[in-house]
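Trainee: Mind having a look at this structure? Questions to follow.
Protein chains: 2
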Amino acid sequence: MPTLTLPVFTTEGGATLYEVPVAYETWGTLDADKRNVLVVCHALTGNAHVDEWWGPFLGPGRPFDTDRFFVICLNIAESPYGSISALSTNPATGQPYGASLPPFTIRDTVALHKAALDQLGIQQIKLAFGGSMGGMQVLEWSFYGDFVEALAIVAVGGRHSPWCIGWSEAQRQAIYADPNWNDGHYAPDVPPAAGLAAARMMGMVSYRSHDSFVERFRRDRMDDQPGQPFSIESYLRYQGQKLVDRFDANCYVDLTLQMDTHDVARGRGAYADVLRAITQPTLIMGIDSDILYPLTEQKELANHLPHAEFRLLTSLHGHDAFLIEFDQMCDALQPWMDRHVMPTLPSPVAAY
Amino acid sequence: MPTLTLPVFTTEGGATLYEVPVAYETWGTLDADKRNVLVVCHALTGNAHVDEWWGPFLGPGRPFDTDRFFVICLNIAESPYGSISALSTNPATGQPYGASLPPFTIRDTVALHKAALDQLGIQQIKLAFGGSMGGMQVLEWSFYGDFVEALAIVAVGGRHSPWCIGWSEAQRQAIYADPNWNDGHYAPDVPPAAGLAAARMMGMVSYRSHDSFVERFRRDRMDDQPGQPFSIESYLRYQGQKLVDRFDANCYVDLTLQMDTHDVARGRGAYADVLRAITQPTLIMGIDSDILYPLTEQKELANHLPHAEFRLLTSLHGHDAFLIEFDQMCDALQPWMDRHVMPTLPSPVAAY
Chain Y
207 MPTLTLPVFT TEGGATLYEV PVAYETWGTL DADKRNVLVV CHALTGNAHV DEWWGPFLGP
267 GRPFDTDRFF VICLNIAESP YGSISALSTN PATGQPYGAS LPPFTIRDTV ALHKAALDQL
327 GIQQIKLAFG GSMGGMQVLE WSFYGDFVEA LAIVAVGGRH SPWCIGWSEA QRQAIYADPN
387 WNDGHYAPDV PPAAGLAAAR MMGMVSYRSH DSFVERFRRD RMDDQPGQPF SIESYLRYQG
447 QKLVDRFDAN CYVDLTLQMD THDVARGRGA YADVLRAITQ PTLIMGIDSD ILYPLTEQKE
507 LANHLPHAEF RLLTSLHGHD AFLIEFDQMC DALQPWMDRH VMPTLPSPVA AY
Chain P
207 MPTLTLPVFT TEGGATLYEV PVAYETWGTL DADKRNVLVV CHALTGNAHV DEWWGPFLGP
267 GRPFDTDRFF VICLNIAESP YGSISALSTN PATGQPYGAS LPPFTIRDTV ALHKAALDQL
327 GIQQIKLAFG GSMGGMQVLE WSFYGDFVEA LAIVAVGGRH SPWCIGWSEA QRQAIYADPN
387 WNDGHYAPDV PPAAGLAAAR MMGMVSYRSH DSFVERFRRD RMDDQPGQPF SIESYLRYQG
447 QKLVDRFDAN CYVDLTLQMD THDVARGRGA YADVLRAITQ PTLIMGIDSD ILYPLTEQKE
507 LANHLPHAEF RLLTSLHGHD AFLIEFDQMC DALQPWMDRH VMPTLPSPVA AY
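See the structure below:
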């Protein structure tokens, strides 16, 4: 995966870091003006490989039309997938930052990505699009003025609610309860695996819905045997272990804290006023069964953003529908892009 | 608190226990026929002190009319508040059962309570009423035929959904991640407190709703200071510690597993058929903001039980509304009791 290095980056909190890596993936061709850019923002445990999780959006003739757009997804700060995180080497010590990494806000991640785009010479973003934590970044991109022409978000609000902070904090406490946590000072081969797995299990339930679990798992037990675990228990344990195998506990804690910083109005004025000042055309999609970021949050955004359109996604699958309901999202996204994004594009890049 | 001892009790799983305590509280006077009985069933971390959590129902002229009813609430099996649990002394060893207590089902709790009522000479229950895990017991009481004349439940379904089992299991895993857990073998003064607190925090979020937290906590921080924890975080930590101070981790794990056994149809036939065979007049209340036991569950019951009435409770407070919205519950309960329960009562007990 391509990775660039920023010589220096200073966080909102005032911490200055050196030799800061930013990993990213791209699709399509950057045109001569470097303005045909579509930024895709990934969520909590995601990565820059858009093809792995939003593949149906990507390709010729699709919303992320690789014949016309230069599509880029940058790995977020504090994620273990290539950008600056607890796993990165602190050049001052030659050791991984671990628990010593300064905290990042959503604004920091977007500022980091802006610096990376600057290094790549990019002059303008035609569309920033993301769901969940990715949508938080999109909303922060709006504050870069003319640099960002249009926004699309799904399953997020303008600020992280106390409800979501509560879910985050309960998950963190499960990690903290693991003796291997040790305030984030653990050896790579002795991670707080049980705590991280429990946190993930909690998360995995909150991402879905009552009805989706009823449909999928019923009260079935493993091997159809009384006394065996319920299928849902087995599924969650598997999902917990799967995250332990691919993620780092410091990164998980850091990222959940980063989400908790999300508030477009922080330091900018009254919430409604700040929303009203977001002037880009914005497509806002919400999921009817999302318990984490319920429709009230998207409707609040749609009511305040002056150039917003709201589209309802109907799904059994709760918050995770933003990674599932491709047809509905495409049906909302494509005509909206045809009106608000495509006309601003230069002519298609000649493929010869 | 009064406690009786059953000489012997055998669980559904076939475990036989001796000298089994059942703690209970009563209000009002048992009439000569011993048929003016109203059984109140308590929930997960509740206890037999109905006056502490459903006080507004209790007293002369109220639904739990102590001039007419003998109101009794029995502490459930596996709860730390007086009935048989991990904290009870195993007469065979003289030591607390701890992790060696055989598992109890909801049916076991109700069978235990039936045996206790038998020992008290009670001939009939006019009404069994409970919410959440208490409602699970009420539904099981229906299978005692003429012994139970009417049922009222709030915020529960006919079987514990995979959604709720998922929440339970994630909470248990947080406890298991605590090094002091040790498969339930811990000294009373070295409990898995951090894990139990994390589990409780998870539970406390799931019992409420997005909108209730927004209304109460917003994104306020402690002492209104940046860098301080969010108020919701502080609240949840306090709630976690509060449960640690009053509850036992084995009991918590055991009780969540007991809830997971809830399925009125288990071994009795097809679910819909089993529900249709519940012939008592039944009042079913559901809460519009309950994410754990959503209205679909109560409506499913109301659609199948032949003598059911459904009443919607409107509340910001999610599942916990069953411990909050007294006025709405009284408004539903009293007229329904006037039609279905009061006419079956003997004349008021003469007070002198």
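Each protein sequence line maps, in turn, to chains Y and P. For the first sequence, this note's numbering gives the first residue as 207, with consecutive numbering after it. For the second sequence, this note's numbering gives the first residue as 207, with consecutive numbering after it. No residue lacks a Cβ here, since even glycine has one placed at the ideal position from N, Cα and C. None of these values were measured; they are calculated from a predicted model.
1) At the 8 Å Cβ level, is Asp454 of chain P part of the contact set with chain Y, yes or no?
2) Between the Cα of His255 of chain P and the Cα atoms of P:Gly364, P:Asp384 and P:Thr232, which residue gives the shortest distance?
3) Is the Cβ of His416 of chain P closer than 8 Å to any Cβ of chain Y?
4) Using a cut-off of 8 Å between C-beta atoms, extract the partners of Glu439 of chain Y located in chain P.
5) Helix, strand or coil for Val226 of chain Y, going by three-state DSSP, please let me know.
6) When the cut-off is 8 Å and only beta carbons count, does Gly220 of chain P lie next to chain Y?
7) What does Ile497 of chain P reach in chain Y if we use C-beta pairs closer than 8 Å?
8) For Asp469 of chain P, which residues does DSSP report across the bridge?
9) Under 8 Å between beta-carbons, which chain P residues line up against Ala403 of chain Y? List them in chain order, please.
10) Is there a C-beta anywhere in chain Y that falls below 8 Å from the one on Val411 of chain P?
11) Near Met465 of chain Y, what residues of its chain come up, given a Cβ to Cβ distance below 8 Å and the 5 sequence neighbours on each side ignored?
12) So which of P:Leu511, P:Cys536 and P:Lys505 has the shortest CA-CA distance to Ala361 of chain P?
13) Below 8 Å on C-beta distance, what does Gly446 of chain P contact in chain Y?
14) Just checking my contact of Leu150 of chain P with Leu402 of chain P at CB under 8 Å: how many whole Å lie between their CB atoms?
15) In whole angstroms, what separates the C-alpha of Asp389 of chain Y from that of Tyr224 of chain P?
16) Could you compute how far the alpha carbon of Trp542 of chain Y sits from the alpha carbon of Asp533 of chain Y?
17) Looking at the unbroken beta strand (DSSP E) that takes in Phe532 of chain Y, where does it start and where does it end?
18) Would Ala400 of chain P count as contacting chain Y if we go by Cβ distances under 8 Å?
19) Return the residues of the stretch 271–287 of chain P that lie within a Cβ-Cβ distance of less than 8 Å from chain Y, sorted by chain order.
20) Give the range of the beta strand (DSSP E) segment to which Leu323 of chain P is assigned.
21) With a threshold of 16 other CB atoms inside 10 Å of the CB of Asn253 of chain P, please say whether the residue is buried or exposed.
22) Tell me whether Thr216 of chain P sits in a helix, a strand or coil according to DSSP, three-state version.
23) Check each candidate in P:Val214, P:Ser415 and P:Leu463 and name the one with the smallest Cα separation from Gln434 of chain Y.
24) Determine the burial state of Thr467 of chain P: buried for a count of at least 16 other Cβ atoms within 10 Å of its Cβ, exposed for fewer.
25) Using the rule of at least 16 other Cβ atoms within 10 Å of the residue's Cβ for burial, across every protein chain shown, is Gly219 of chain P buried or exposed?
26) Hey, would you say the C-beta of Trp259 of chain P is under 7 Å away from at least one heavy atom of the ligand GTP?
27) Examine the Cβ distances between the stretch 489–498 of chain Y and the stretch 405–423 of chain Y and report whether three or more of them are shorter than 8 Å.
28) Would you kindly check if the distance between the Cβ of Phe276 of chain P and the Cβ of Phe270 of chain P is under 8 Å?
29) Is DSSP giving Arg274 of chain P helix, strand or coil here?
30) Which value, in whole angstroms, describes the spacing of the CA atoms of Asp429 of chain P and Leu519 of chain Y?
31) Check whether the Cβ atoms of Ser291 of chain Y and Ser285 of chain Y lie closer than 8 Å to each other.
32) Please compile the residues from chain Y whose C-beta is within a distance smaller than 7 Å of the C-beta of Leu442 of chain P.
33) May I ask you to list, following chain order, the residues of the stretch 448–481 of chain Y that have a beta carbon less than 8 Å from some beta carbon of chain P?
34) For Asn509 of chain Y and Phe349 of chain Y, what's the separation of their Cα atoms in angstroms?
35) Beta-carbon separation of Ala404 of chain P and Gln379 of chain Y under 8 Å?
36) Where Phe453 of chain Y and Pro549 of chain Y are concerned, what is the direct C-alpha to C-alpha distance, given to the nearest angstrom?
Mentor: In this structure, then:
1) no
2) P:Thr232
3) yes
4) Ile371, Gly372 and Glu375
5) strand
6) no
7) His416 and Ile497
8) P:Arg365
9) Gln379 and Ala383
10) yes
11) Leu250, Ile312, Met339, Met342, His366, Cys370 and Ser374
12) P:Lys505
13) Gln379
14) Not covered by the structure: residue 150 of chain P. The range shown for chain P is 207 to 558.
15) 46 Å
16) 14 Å
17) Careful: Phe532 of chain Y lies outside any beta strand (DSSP E), inside the alpha helix (DSSP H) at Phe532 to His546.
18) yes
19) none
20) Note, Leu323 of chain P: premise wrong, no beta strand (DSSP E); alpha helix (DSSP H) at Ile312 to Gln325.
21) buried
22) strand
23) P:Leu463
24) buried
25) exposed
26) As far as ligands go, the structure on display features none, and thus does not contain the ligand GTP.
27) yes
28) no
29) coil
30) 39 Å
31) yes
32) Gly372, Glu375 and Ala376
33) Asp466 and Asp469
34) 18 Å
35) yes
36) 41 Å
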